[in-house]
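In order, the protein sequence lines correspond to chains A and B.
Sequential numbering of the first sequence, starting at 36, is according to this note's numbering.
Sequential numbering of the second sequence, starting at -4, is according to this note's numbering.
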Amino acid sequence: MGKKIKYHKVDGMMVQKPKKQKLTWNLIRKQRYLYFMSVPFIIWIIIFKYVPLWGWSMAFQNVRPKSFVLPVWEREWVGLKNFKDVFSRDMFYAALRNTLAMSGISIVLGFATAIIFALLLNELRVMRFKKLTQTISYLPHFVSWVIIASIAQIFLKDSGVLNQILMSMGIISEPIKFLSQTGPRFWFVVCLVNVWKECGWDAIIYLSAMTGIDQGLYEAAKVDGAGRFRRMWHITLPGIRPTIIVLLILSIGSVLNIGMERQMLMSNAITKDYANVLDWYAYLFGIGENNYSFGTAVGIFKSAISLLLLMGANKIANKIGEGSLV
Amino acid sequence: MVKLKEEKGKIKRNSNKITTFDICLVVFFIVVIIATLYPFLNVVAISLNDSLDTVRGMNFIIPRKFTWANYEKLFREEKLLFPFLISVLRTVAGTITNLAATVMISFVFSRRDFYFNKLFTIIFIVTMYVSGGLVPEYLLIARTLRLSNSFLVYIIPSLIWVYNILLVRSFIDGLPTALQESAQIDGANDFIVFYKIIVPLCKPVLATVALFVAVGQWNSFMDTYFYARNLPTLQYKLYEILNDTGINLSSMHQAAALETVATITPQSVRMAITVIVTVPIVVVYPFLQKYFVGGMTLGAVKS
């Protein structure tokens, strides 16, 4: 008696929370099929997602292929030595720089183009043409990076089509070395290819957010004499702001998780100093040179920073009063 | 140009007058379409052109000296049948197993009366935010479970995508509960409810998930690179031909060094395999389009 009744929200209505059941043999028997359908996958996820987390202990030990077979507690503990090792190498900072540069450029360029693409597409009034444009713009998203890299190599090489076109139009007098010159140019090339691949796909989410905007607002603005640009700026853009912010938070959280596939596929011996990203670096040393502890330490550094960034971005979004994740 | 005129006519019927802005928009998007499709068409043109002729000069859209020789050479010399079979097999088997797992767990997660519902759901969702990282995962799969160089490495580690589970669960949540209840009153057990009622109703969302998984499987390249180079997929074969190294490389330093001398396979042949790897995606793409747009929007609403 006197116990508080708990409520929770269902479809916007407050509903009394169901009483907590007791785990009895009878209940287990009754729900046995649900166990059959879930327990094997719980085991799967523990093995494939939680056991690697347990592997983080390797970062604080000295684990080489020989000592890997030993149980965890019998391996040599070295404290933070591996982290110190990681932070004392110039190559690590190069990898960190490349990772941050490429994801930074990707976020800025990717968000800007996808939002502009969606805004303009939303203004397109010929429905059939709009559908066609959308359909074609998604296509590269479904093509693998191996293929994209293969196409890019042909298209962007010194005597490639893009250089030919630019030269015949008189924009440049000498071919641009897109993929055969070291330096920050490589970052931009990779990011621009990424934009080309994902722009249309990323725009879908904004377009679907735009369909949710109250049409009355547009009518009202029209009556007030707002032109199309003003309506885009004052109604459409604020209308998709919550979507933009949620996606920004998510992308800031994964700043360091840009993978290594595209960098690996698009780079060559000339550009590799600017292509090496953290994951690749962890792979090179951790697996390529069998220094498991070192590779794991790089991975932990990456996860820790990601988590901090995610929480920071979330907090900022909360402060300025926009929707946030948690 | 003809197209433009038709469109103009349509707008007029919609009563709004066309402005220069509309025309600029249409022109802009025509440029976007060309920029998207042109690289693909260029690759097709090179693959159908005589390889010596390609070296001499540019191909734009139409092959100058039409030939099938590049494709013939590819199939004769590169033994593509085996990689092709591996790619198809992993796509089919991987999609079926992933789909079965996804729908089962989603059903369990949608059952709020299941005693461990909350705990199990949390166990799954946590893995979306923390992961062990490259090296521990590699060691688990390659050294502890010894899955490398076996076909299972394509199926088992990619059995479950948590994101898809959330997608399907939110779909099941939207179904009327009365359907399940009435079946239970008729004496159906949970598995029969799942199999006879939930699975058929989930067809649309399952089509979306199947498409995502199938595309992911077909396009996957890193897992072959890490674990199963003796079971090459088409993607891996393309990578090898691009780098022109028949050798299995243990370190990426070597790979990078060899890339500089990678001019042995003629460009036209490389483009031919690029086309072969792309074709399946392009063929299924128009048929499945409506599903993935639906899935994407569903996911967007959730996030």
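Just so you know, even glycine gets a beta-carbon here, dropped at the ideal spot from N, CA and C.
Since the model is a prediction, treat every value here as computed from it, not as a measurement.
In chain A, which residues lie with their C-beta within 8 Å of the C-beta of residue i?
| i | result |
| --- | --- |
| VAL21/B | LEU159, VAL161, PHE164 |
| GLU67/B | Those within 8 Å of GLU67/B in chain A number zero; the least Cβ separation is about 20 Å. |
| GLN302/B | Because chain B spans -4 through 298 in this model, residue 302/B falls outside it and cannot be assessed. |
| ASN184/B | TYR68 |
Whose CA, out of the options, lies closest to the CA of residue i?
| i | options | result |
| --- | --- | --- |
| ILE275/A | VAL178/A, PHE95/A, ASP249/A, GLY90/A | ASP249/A |
| ILE80/A | PHE146/B, VAL125/B, VAL27/B | VAL125/B |
| THR271/A | PHE177/A, SER138/A, LYS101/A, ILE151/A | ILE151/A |
| PHE177/A | ALA40/B, VAL210/B, ILE41/B | VAL210/B |
| VAL272/B | THR62/B, PHE79/B, PRO199/B, THR172/B | PHE79/B |
| TYR70/A | GLU72/B, PRO275/B, GLU176/B, ASN112/B | ASN112/B |
| GLY127/B | LEU58/A, ASN292/A, ASN303/A, LEU319/A | ASN292/A |
| TRP112/A | ASN97/A, VAL333/A, ASP120/A, SER123/A | ASN97/A |
| LEU313/A | ASP125/A, VAL86/A, PHE76/A | ASP125/A |
| TYR110/B | SER338/A, MET204/A, ASN61/A | ASN61/A |
| ASN325/A | LEU20/B, PRO131/B, LYS12/B | PRO131/B |
| SER243/A | LEU154/A, SER73/A, GLY334/A, VAL74/A | LEU154/A |
| ILE136/B | ILE56/B, THR122/B, SER153/B, ILE120/B | SER153/B |
| TYR68/A | ASN184/B, ILE192/B, LEU226/B, MET123/B | ASN184/B |
| ILE151/B | PHE282/B, THR49/B, LEU94/B | LEU94/B |
| PRO266/B | ASP17/B, PRO58/B, TYR149/B | Per the sequence presented here, residue 266/B reads as Met, with Pro not at that position. With distances taken between Cα atoms, MET266/B lies closest to PRO58/B. |
| ALA310/A | MET93/A, ALA317/A, MET301/A | MET301/A |
| ASP218/B | THR86/B, VAL38/B, TYR149/B, PHE282/B | TYR149/B |
| GLY330/A | GLY247/A, ASP308/A, ASP120/A | ASP120/A |
Run through chain B and tell me which residues come within less than 8 Å of residue i, C-beta to C-beta.
| i | result |
| --- | --- |
| LYS337/A | GLY128 |
| GLU296/A | PHE216, MET217 |
| THR168/A | PHE24, VAL27, ILE28 |
| GLN96/A | Ordered by position in chain B, no residue passes the 8 Å Cβ test against GLN96/A, which lies about 12 Å from the chain. |
Please list the terminal residues of the continuous alpha helix (DSSP H) segment that includes residue i.
| i | result |
| --- | --- |
| GLU235/B | 229 to 238 |
| GLN169/A | 162 to 173 |
| ILE140/A | 125 to 158 |
| ARG220/A | 220 to 245 |
| ALA202/B | 198 to 214 |
| ARG85/B | 76 to 105 |
| LYS257/A | 250 to 258 |
| ALA40/B | 15 to 42 |
| VAL281/A | 276 to 288 |
| ILE186/A | 180 to 191 |
| GLY330/A | 327 to 354 |
| ILE213/A | Note that residue 213/A is Phe in the sequence shown here, rather than Ile. From DSSP, PHE213/A is part of no alpha helix (DSSP H); its letter is neither H nor E. |
| TYR316/A | 313 to 318 |
| MET299/A | 296 to 301 |
| VAL74/A | 67 to 80 |
| LYS101/A | 100 to 103 |
| ASP181/B | Taken as a continuous stretch (DSSP letters only), ASP181/B belongs to no alpha helix (DSSP H), as it is neither H nor E. |
| VAL121/B | 112 to 124 |
| TYR133/B | 129 to 133 |
| ASP48/B | 46 to 51 |
Can you list the residues of chain A that residue i reaches, using a CB-CB cut of under 7 Å?
| i | result |
| --- | --- |
| PHE102/B | MET72 |
| GLN230/B | SER179, VAL181 |
| VAL38/B | ILE186, ILE189 |
| PHE16/B | ARG263 |
| GLN212/B | None at all; the shortest Cβ gap to chain A is about 11 Å. |
| GLU132/B | PRO87 |
So is the beta-carbon of residue i under 7 Å away from any non-hydrogen atom of the ligand GTP?
| i | result |
| --- | --- |
| PRO281/B | By its list of ligands, the structure shown contains no ligand whatsoever, and the ligand GTP lies outside what it can speak to. |
Which residues of chain A have a Cβ atom closer than 9 Å to the Cβ of residue i, listed in chain order?
| i | result |
| --- | --- |
| ALA96/B | PRO75, PHE76, TRP79 |
| LEU135/B | ILE82, PHE83, VAL86, PRO87, GLY90 |
| LEU237/B | VAL181, ALA184, SER185, GLN188, LEU300 |
Could you check how far apart the C-beta atoms of residue i and residue j are, in whole angstroms? I think they sit under 8 Å.
| i | j | result |
| --- | --- | --- |
| VAL188/B | VAL163/B | Not confirmed; about 16 Å, so no contact. |
| LEU233/B | ILE186/A | Their Cβ separation, rounded to whole angstroms, is 11 Å, which puts LEU233/B and ILE186/A out of contact at 8 Å. |
| ILE41/B | GLN230/B | With a Cβ gap of about 20 Å, ILE41/B and GLN230/B do not count as contacting. |
| THR62/B | LEU36/B | With 8 Å as the limit, THR62/B and LEU36/B do not qualify as a contact, their Cβ atoms being about 17 Å apart. |
| ASP168/B | SER105/B | 6 Å |
| PHE216/B | GLU296/A | 7 Å |
| ASN198/A | ILE206/A | Actually they are not in contact, since the Cβ atoms of ASN198/A and ILE206/A sit about 10 Å apart, beyond 8 Å. |
| PHE221/B | TYR133/B | 6 Å |
Give the residues of chain B in contact with residue i, contact being defined as C-beta atoms less than 7 Å apart.
| i | result |
| --- | --- |
| ILE171/A | ILE28, THR31, LEU32 |
| GLN379/A | Within the shown structure, residues of chain A are numbered from 36 to 361, placing residue 379/A beyond reach of any answer. |
Would you mind telling me which residues of chain B sit closer than 9 Å to residue i, beta carbon to beta carbon, in chain order?
| i | result |
| --- | --- |
| GLN216/A | Within chain B, no residue comes near GLN216/A; the closest Cβ sits about 14 Å away, beyond 9 Å. |
| ASP314/A | GLY128, LEU129 |
| MET93/A | VAL130, PRO131, LEU134 |
- Query: Of the residues that make up the region 316 to 334 of chain A, which ones have a beta carbon closer than 7 Å to any beta carbon in chain E?
  - Reply: No chain E appears in the structure shown, which is made up of the protein chains A and B.
Point to revise | Touching by the beta-carbon criterion (3+ pairs, under 8 Å), the region 98 to 112 of chain A and the region 142 to 162 of chain B | key: no
Stretch pair the region 154 to 164 of chain A + the region 204 to 223 of chain A: three plus CB contacts closer than 8 Å:
no
(message) Pairs of beta-carbons, one from the region 120 to 134 of chain A and one from the region 341 to 348 of chain A, closer than 8 Å: are there three or more?
(response) no
Is the region 168 to 177 of chain A in contact with the region 26 to 46 of chain B, if contact means three or more CB pairs nearer than 8 Å? yes
For the structure I just gave you, are there three or more beta carbon pairs, one from the region 193 to 208 of chain B and one from the region 91 to 104 of chain B, closer than 8 Å?
yes
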